[in-house]
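K.L.:
Just so you know, the sequences run in chain order A and B.
Taking the working numbering, the leading residue of the first sequence gets 2, the next gets one more, and so forth.
Taking the working numbering, the leading residue of the second sequence gets 14, the next gets one more, and so forth.
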Amino acid sequence: MTLKKRTGGLILATWLFAVVAGGAEPQRDFVLVVNAENDVTTISRKDAELIFLNKQRSWPDGKKIGVLINENPKIYDSFSNTVLRRSSQQFLVFRKQMLFRGQGMPPPTLKTDKDVVAFVAEHVGSISYVSPEAVTLEVKVVSILQ
Amino acid sequence: MSSSFFLSVRSQVLVLMTLFCLLLPASLWAIDLAGDKVQLHGFLTQGYMESVENNFLGDTIDGTFRLTEIGLNINAQLTDQFRLGGQALYSHLPEESKGKVRADWLVADYHFSDPFGVRLGKVKMPMGLYNMERDSDFLRPLIFLPQSIYDETLRDSWQALWGGDMYGNLLLSKWVDIDYQLFGGCIQYEDDSLVNLAAMEIVSRYNKQYSLFLSTGDLNRQNNYAYGAALYFNPSLKGLRGAMTLLVLDDDLWLNESQVSSLRIKSKLVASLEYSWKKFSWTAEYSETDRRQEQFQVTTLDGPSQAWYMLLSYSPIKALTFSLLYDEYYRLKNNHHAVSISKNLYPWRKDLAAALRYDIAENWTFKAEWHTVDGTALYSGYFNPQGAERYWQYGALKLSFNF
Numbered sequence: 002m003t004l005k006k007r008t009g010g011l012i013l014a015t016w017l018f019a020v021v022a023g024g025a026e027p028q029r030d031f032v033l034v035v036n037a038e039n040d041v042t043t044i045s046r047k048d049a050e051l052i053f054l055n056k057q058r059s060w061p062d063g064k065k066i067g068v069l070i071n072e073n074p075k076i077y078d079s080f081s082n083t084v085l086r087r088s089s090q091q092f093l094v095f096r097k098q099m100l101f102r103g104q105g106m107p108p109p110t111l112k113t114d115k116d117v118v119a120f121v122a123e124h125v126g127s128i129s130y131v132s133p134e135a136v137t138l139e140v141k142v143v144s145i146l147q
Numbered sequence: 014m015s016s017s018f019f020l021s022v023r024s025q026v027l028v029l030m031t032l033f034c035l036l037l038p039a040s041l042w043a044i045d046l047a048g049d050k051v052q053l054h055g056f057l058t059q060g061y062m063e064s065v066e067n068n069f070l071g072d073t074i075d076g077t078f079r080l081t082e083i084g085l086n087i088n089a090q091l092t093d094q095f096r097l098g099g100q101a102l103y104s105h106l107p108e109e110s111k112g113k114v115r116a117d118w119l120v121a122d123y124h125f126s127d128p129f130g131v132r133l134g135k136v137k138m139p140m141g142l143y144n145m146e147r148d149s150d151f152l153r154p155l156i157f158l159p160q161s162i163y164d165e166t167l168r169d170s171w172q173a174l175w176g177g178d179m180y181g182n183l184l185l186s187k188w189v190d191i192d193y194q195l196f197g198g199c200i201q202y203e204d205d206s207l208v209n210l211a212a213m214e215i216v217s218r219y220n221k222q223y224s225l226f227l228s229t230g231d232l233n234r235q236n237n238y239a240y241g242a243a244l245y246f247n248p249s250l251k252g253l254r255g256a257m258t259l260l261v262l263d264d265d266l267w268l269n270e271s272q273v274s275s276l277r278i279k280s281k282l283v284a285s286l287e288y289s290w291k292k293f294s295w296t297a298e299y300s301e302t303d304r305r306q307e308q309f310q311v312t313t314l315d316g317p318s319q320a321w322y323m324l325l326s327y328s329p330i331k332a333l334t335f336s337l338l339y340d341e342y343y344r345l346k347n348n349h350h351a352v353s354i355s356k357n358l359y360p361w362r363k364d365l366a367a368a369l370r371y372d373i374a375e376n377w378t379f380k381a382e383w384h385t386v387d388g389t390a391l392y393s394g395y396f397n398p399q400g401a402e403r404y405w406q407y408g409a410l411k412l413s414f415n416f
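(1) Of all Cβ atoms in chain A, is any one closer than 8 angstroms to the Cβ of G197/B?
(2) Would you kindly work out how many angstroms separate the C-alpha atoms of L146/A and N82/A, rounded to a whole number?
(3) Nearest-angstrom Cα distance between D62/A and L51/A?
(4) List, in chain order, every chain A residue whose beta-carbon is nearer than 7 angstroms to that of S149/B.
(5) Given a limit of 9 angstroms on CB to CB distance, which residues of the stretch 143-174 of chain B reach chain A?
(6) Considering only C-alpha positions, which residue in the set H54/B, G230/B and P128/B is nearest to N376/B?
(7) Would you identify the three-state DSSP class for F309/B, choosing helix, strand or coil?
(8) Short of 8 angstroms in beta carbon distance, which residues of its chain neighbour L210/B, apart from the five on each side in sequence? Order them along the chain.
(9) Run through DSSP, which three-state label would G67/A get?
(10) Thinking just about the alpha-carbon of each residue, which of Q90/B, V114/B and G177/B is nearest to the one in F100/B?
(11) If you reduce the DSSP assignment to three classes, tell me which class L146/A lands in.
(12) Answer yes or no: does any C-beta atom of chain A fall closer than 8 angstroms to that of V120/B?
(13) Pick out whichever of I373/B, N347/B and F56/B has its Cα sitting closest to the Cα of W361/B.
(14) At a Cβ cut of 7 angstroms, what residues of the stretch 106-132 of chain A count as close to chain B, listed as they run along the chain?
(15) Out of curiosity, what's the CA-to-CA distance linking R168/B and D150/B?
(16) Using a Cβ cut-off of 8 angstroms, pull out every chain B residue sitting near V142/A, in sequence order please.
(17) Would you kindly report the start and end of the unbroken alpha helix (DSSP H) that includes Q91/A?
(18) Work out the CA separation of Q91/A and K141/A for me, nearest whole Å.
(19) Would you say K65/A faces chain B, with C-beta separation under 8 angstroms as the test?
(20) According to a CB-to-CB cut-off of less than 7 angstroms, which residues of the stretch 36-57 of chain A neighbour chain B?
(21) Between Q8/B and chain A, is any beta-carbon pair separated by less than 8 angstroms?
(22) Taking only the alpha-carbon atoms, compute the straight-line gap between G84/B and Q57/A and give it to the nearest angstrom.
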């Protein structure tokens with residue numbers, strides 16, 4: 002086998018590994034949570050981005066999605082960078098743009114995981130994110146697929 | 014009533030609103046009036062500006078505090094699909110002797126599905142990346158956006174139109190989605206809008222040139238139609254976004270029921286690209302405006318203008334951003350140095366600016382910037398009837414609060 006072929010094989014194997022591994026959920030310092038009655042178990046990163054940017058407003062069963070922003074500083078930046086592909090500062094500006102351009106109402110915000118879990122547990126259709134250790138049986142964790 | 018009375022009322026309103034904002038606990042800054050179904054938000058900005066050699070947007074050589082904006086909006090989500098909302102805006106800008114209140118936007122919004130919604134009323138007009146947030150200082154990187162594309166003299170007219178738009182989001186693949194907007198309607202020119210005041214100056218010039226006695230009191234600028242489209246590209250590559258916007262419009266200027274002038278914007282195209290990487294961000298926009306203008310049955314302008322800018326920003330910490338801007342505008346793309354009918358010898362505008370933005374808190378923003386300009390295009394002659402200098406400068410400071 003020539004060096005060229007071996008290099009080509011290595012690149013292909015790396016790419017295949019990346020594609021396969023890309024589908025799995027890496028370790029994160031937050032998890033997506035929905036109301037326990039929600040049938041959804043996985044969600045793609047792109048869909049999660051569109052939901053939190055108010056561009057996708059219904060679950061597959063037609064129910065309205067209720068977004069809740071968790072401003073807990075331990076996970077806010079990480080969530081924004083990983084799922085929304087923008088800094089938390091840019092996410093804040095995005096929400097204000099929507100409001101002051103007359104294009105929509107920003108979603109409600111809470112500052113602690115405990116409050117967020119309580120809110121999601123009470124509201125069917127709601128979605129948010131919390132630290133993994135804050136999850137209780139009242140809410141359901143949804144896996145993020147890349 | 015005397016102007017001092019208006020001034021005192023205005024000052025009292027400003028002081029009361031500032032106190033109101035300061036006294037509100039952070040959790041109440043967005044006021045929910047009926048759960049999260051009805052929300053009240055607003056903003057307040059106060060600035061100072063000064064220019065050297067030439068006036069810009071009014072009498073600015075001696076400095077002015079006429080840089081005030083107060084906005085208050087209310088939104089009511091009546092059903093999952095239907096929303097009503099509106100924003101009242103008070104603004105006091107350098108060219109105005111006193112401030113005014115107007116409807117900034119006023120919409121009935123029906124969201125049929127994610128790819129399709131309709132808004133009717135007074136809707137914001139997309140043009141480039143920033144036209145829709147012209148009145149909200151804290152949403153844009155600079156106090157004065159690049160003038161080549163965001164001409165400040167048109168700000169009070171070209172930021173919204175009465176009519177409607179269709180909007181939505183299209184998910185093309187897992188790598189990219191597109192936001193689109195198609196809009197149409199009419200622009201309303203206020204009697205004291207800057208373009209109307211500039212039209213009066215043109216009539217006065219003709220009076221002087223041809224010994225006429227035309228009255229400027231009955232001048233009426235009318236928009237026959239305006240329409241356009243905007244596409245915003247959102248790829249999965251972190252920090253990247255692009256946009257293409259198009260605007261077409263047709264204006265007539267009437268004097269005592271006779272048409273004295275017309276302006277047809279055949280196309281105003283803006284292409285935009287923005288990329289953020291770590292602590293840096295880079296924005297560039299390019300625009301051409303193909304237009305034809307007639308004044309007193311003489312074609313005074315026929316062809317495209319050319320505009321572009323580049324903005325580089327660096328944020329050493331989250332709350333602080335330093336920016337450098339280079340901005341160019343040519344009245345005629347194909348002849349950069351052609352002298353206009355108003356005998357402007359420098360019909361271009363090249364602006365080099367340095368700016369600072371400091372987000373003091375989530376709801377407070379302070380900005381400062383200084384611009385050095387070569388050229389006198391874009392109404393410099395109107396603000397400087399004694400003659401505008403080719404090289405001039407201007408700067409501004411601004412503090413904004415929003416809730």
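Ideal Cβ positions, reconstructed from N, Cα and C, are used throughout, including at glycine.
Keep in mind it's a predicted model, so treat the numbers as computed, not measured.
P.N.:
So, from the data block:
(1) no
(2) 16 angstroms
(3) 17 angstroms
(4) F101
(5) M145, E146, D148, S149, F151, L152 and A173
(6) H54/B
(7) coil
(8) E108 and Y395
(9) strand
(10) For clarity, residue 100/B is Gln in the given sequence; the question names Phe instead. It is V114/B whose Cα lies nearest to the Cα of Q100/B.
(11) strand
(12) yes
(13) N347/B
(14) Interface annotation for the stretch 106-132 of chain A against chain B: M106 and P109, criterion Cβ-Cβ distance under 7 angstroms.
(15) 13 angstroms
(16) From the beta-carbon of V142/A, no residue of chain B is found nearer than 8 angstroms; the closest lies around 22 angstroms away.
(17) S89 to F101
(18) The straight-line gap separating the alpha-carbon atoms of K141/A and Q91/A is approximately 28 angstroms.
(19) yes
(20) S45, K47, L51, K56 and Q57
(21) Absent from the model: residue 8/B. The displayed extent of chain B is 14 to 416, so no value can be given.
(22) 29 angstroms
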